[in-house]
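Read the structure below first, then the notes.
There are 2 protein chains.
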Amino acid sequence: MEFRQLAYFVEVARLNNLTRAAERLKVAQPALSQQIRNLERELGVRLFNRSARGVALTEAGKIFFIGAEKTLAEAERAKDSAKGFNNQLRGKVTVGALESVVQTRLPRMLATFGIEYPGIKVFIGRIQPDRFLRHLRRANWISLLHMNGMINIFHSWKIQILRLEFVRNRCIMTS
Amino acid sequence: MEFRQLAYFVEVARLNNLTRAAERLKVAQPALSQQIRNLERELGVRLFNRSARGVALTEAGKIFFIGAEKTLAEAERAKDSAKGFNNQLRGKVTVGALESVVQTRLPRMLATFGIEYPGIKVFIGRIQPDRFLRHLRRANWISLLHMNGMINIFHSWKIQILRLEFVRNRCIMTS
DNA sequence: TAACGTTACGTAGTTCGTAATTATG
DNA sequence: CATAATTACGAACTACGTAACGTTA
Numbered sequence: 013m014e015f016r017q018l019a020y021f022v023e024v025a026r027l028n029n030l031t032r033a034a035e036r037l038k039v040a041q042p043a044l045s046q047q048i049r050n051l052e053r054e055l056g057v058r059l060f061n062r063s064a065r066g067v068a069l070t071e072a073g074k075i076f077f078i079g080a081e082k083t084l085a086e087a088e089r090a091k092d093s094a095k096g097f098n099n100q101l102r103g104k105v106t107v108g109a110l111e112s113v114v115q116t117r118l119p120r121m122l123a124t125f126g127i128e129y130p131g132i133k134v135f136i137g138r139i140q141p142d143r144f145l146r147h148l149r150r151a152n153w154i155s156l157l158h159m160n161g162m163i164n165i166f167h168s169w170k171i172q173i174l175r176l177e178f179v180r181n182r183c184i185m186t187s
Numbered sequence: 013m014e015f016r017q018l019a020y021f022v023e024v025a026r027l028n029n030l031t032r033a034a035e036r037l038k039v040a041q042p043a044l045s046q047q048i049r050n051l052e053r054e055l056g057v058r059l060f061n062r063s064a065r066g067v068a069l070t071e072a073g074k075i076f077f078i079g080a081e082k083t084l085a086e087a088e089r090a091k092d093s094a095k096g097f098n099n100q101l102r103g104k105v106t107v108g109a110l111e112s113v114v115q116t117r118l119p120r121m122l123a124t125f126g127i128e129y130p131g132i133k134v135f136i137g138r139i140q141p142d143r144f145l146r147h148l149r150r151a152n153w154i155s156l157l158h159m160n161g162m163i164n165i166f167h168s169w170k171i172q173i174l175r176l177e178f179v180r181n182r183c184i185m186t187s
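Residue numbers (my numbering), protein chains in the order written: chain C, 13 to 187; chain G, 13 to 187.
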């Protein structure tokens, strides 16, 4: 049983019509038909009676409909509760880093950063070693410096210096 | 988000260890790692902190764990209710239970039972603690005994003992 | 260095869409 | 015969397993 099947089922049950449900779900009608069939096969119960005018829930289908809606609602709640927990930082930043860093550590660092701060879009710029410190002082850059296993980030949407530590592959951002 | 991911997540969260969870789930460990990662990516939240000793739920992970379990339980109930409808059990039964049970657990249990077995009418009787075991032996009663978090039902329309387990608000009836 | 998690990549199984077919009022 | 559902089949996608790698106590 899959979420997709539950969503398909619920839509079909509401419209009592595979063709229209397929349109609303933006899926081909045979694909929808197949998924409903798979669901029925797994449950071992026929959920709809088919006819040339459309479909209609069986008694078992009516019972299942209640549970399907509850399940989908519960899943949405779970998802939202986790999402709502994430760090509310939003914005975009540009990261300036030495070429050597860009080619070695940066990809993984950004991947980790991206998981921790999904609301922040990151752009990458490359800077020369001799200009590195100068760039660090420019407030409209996020500059990135690796020293002693620690990353210092100067970000531009607030005049503030953040420290980005990598501890056990986890990225911790502190002000 | 898929049911498989929720089941994987719950198992990992319980064991705090990807390798052992993979064994129990009978799936290769990298596959499990990948699914957890996909889930985290979709939610936009890191669910586990990784280390060389295993994994540990983040705060967001703890929140999501609750919702994931609820969702899985609800899905199982939906599935069973549809399946149970196939289970054409019909009839009426009388449930005998201690007054304390009648006033506390019984309402929810009967509600769940009613969804699972819509064809069965239930009547409630109250019995005294000192007569409880005697009633249990009478074949024309459904008697209900709570012990070790498990409900045993002795039902009368077949000479058979069913076991009714409540696992996370879900009612499982086994013979 | 042992235990554990991640990355890389080829394979197998699933879902989808298009087109043809069947069924019914 | 018009409307709606099913079957057939090839293409695209995704999860999986194996193997190699990275990390930390």
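Backbone N, C-alpha and C fix where the C-beta goes; we use that ideal spot for every residue, glycine too.
All values derive from a computational prediction rather than experimental measurement.
Beta strand (DSSP E) segment containing residue i, residue limits
{"i": "residue 2 of chain C", "result": "This structure cannot speak to residue 2 of chain C, because chain C is shown only from 13 to 187."}
{"i": "residue 62 of chain G", "result": "60-63"}
{"i": "residue 67 of chain C", "result": "66-69"}
Residue i versus residue j - alpha carbon distance
{"i": "residue 74 of chain C", "j": "residue 66 of chain G", "result": "44 Å"}
{"i": "residue 46 of chain C", "j": "residue 54 of chain C", "result": "12 Å"}
{"i": "residue 51 of chain C", "j": "residue 43 of chain G", "result": "25 Å"}
{"i": "residue 58 of chain C", "j": "residue 72 of chain C", "result": "7 Å"}
{"i": "residue 83 of chain G", "j": "residue 37 of chain G", "result": "19 Å"}
{"i": "residue 20 of chain C", "j": "residue 79 of chain C", "result": "14 Å"}
{"i": "residue 16 of chain C", "j": "residue 40 of chain G", "result": "25 Å"}
{"i": "residue 28 of chain G", "j": "residue 88 of chain G", "result": "24 Å"}
{"i": "residue 63 of chain G", "j": "residue 85 of chain G", "result": "30 Å"}
{"i": "residue 95 of chain C", "j": "residue 94 of chain G", "result": "32 Å"}
{"i": "residue 35 of chain C", "j": "residue 35 of chain G", "result": "42 Å"}
Cross-chain neighbours of residue i in chain G, by beta carbon under 7 Å
{"i": "residue 87 of chain C", "result": "13 and 83"}
{"i": "residue 80 of chain C", "result": "90"}
Chain C within 9 Å of residue i, Cβ atoms only
{"i": "residue 43 of chain G", "result": "no"}
{"i": "residue 91 of chain G", "result": "yes"}
{"i": "residue 72 of chain G", "result": "yes"}
Proximity test, Cβ basis, 9 Å: residue i and chain G
{"i": "residue 57 of chain C", "result": "yes"}
{"i": "residue 94 of chain C", "result": "yes"}
{"i": "residue 18 of chain C", "result": "yes"}
{"i": "residue 175 of chain C", "result": "Low local confidence applies: a pLDDT of 39 at residue 175 of chain C is under 50, so the model's placement there is unreliable, and no value is given."}
{"i": "residue 159 of chain C", "result": "For residue 159 of chain C, the pLDDT reaches just 33, beneath the cut-off of 50, and the residue's location in the model is therefore unreliable, although a value from the coordinates is still provided. For residue 159 of chain C, the answer is no, since every Cβ of chain G falls outside 9 Å of its Cβ."}
Close beta carbons around residue i, own chain, < 6 Å, minus the five adjacent residues each side
{"i": "residue 14 of chain C", "result": "none"}
Start-to-end residues for the alpha helix (DSSP H) that takes in residue i
{"i": "residue 40 of chain C", "result": "Segment: none, residue 40 of chain C is in no alpha helix (DSSP H) and carries neither H nor E."}
Chain-ordered neighbours of residue i on chain G, where CB pairs are closer than 8 Å
{"i": "residue 68 of chain C", "result": "Result: empty, since nearest Cβ-Cβ is about 16 Å, beyond 8 Å."}
Own chain partners of residue i with C-beta closer than 8 Å, once the 5 adjacent residues on each side are dropped
{"i": "residue 24 of chain C", "result": "30, 33, 44, 48, 60 and 67"}
{"i": "residue 76 of chain G", "result": "21, 55, 57 and 59"}
heavy atom of the ligand MN below 8 Å from residue i C-beta
{"i": "residue 59 of chain C", "result": "The ligand MN is not part of this structure, which contains no ligands at all."}
Neighbourhood of residue i by C-beta, 7 Å cutoff - its chain only, sequence neighbours within 5 removed
{"i": "residue 69 of chain C", "result": "25, 59, 60 and 77"}
{"i": "residue 91 of chain G", "result": "none"}
{"i": "residue 18 of chain C", "result": "80, 83 and 84"}
{"i": "residue 159 of chain C", "result": "In this prediction, residue 159 of chain C scores a pLDDT of 33, lower than 50, which makes its location untrustworthy; no coordinate-derived value is stated."}
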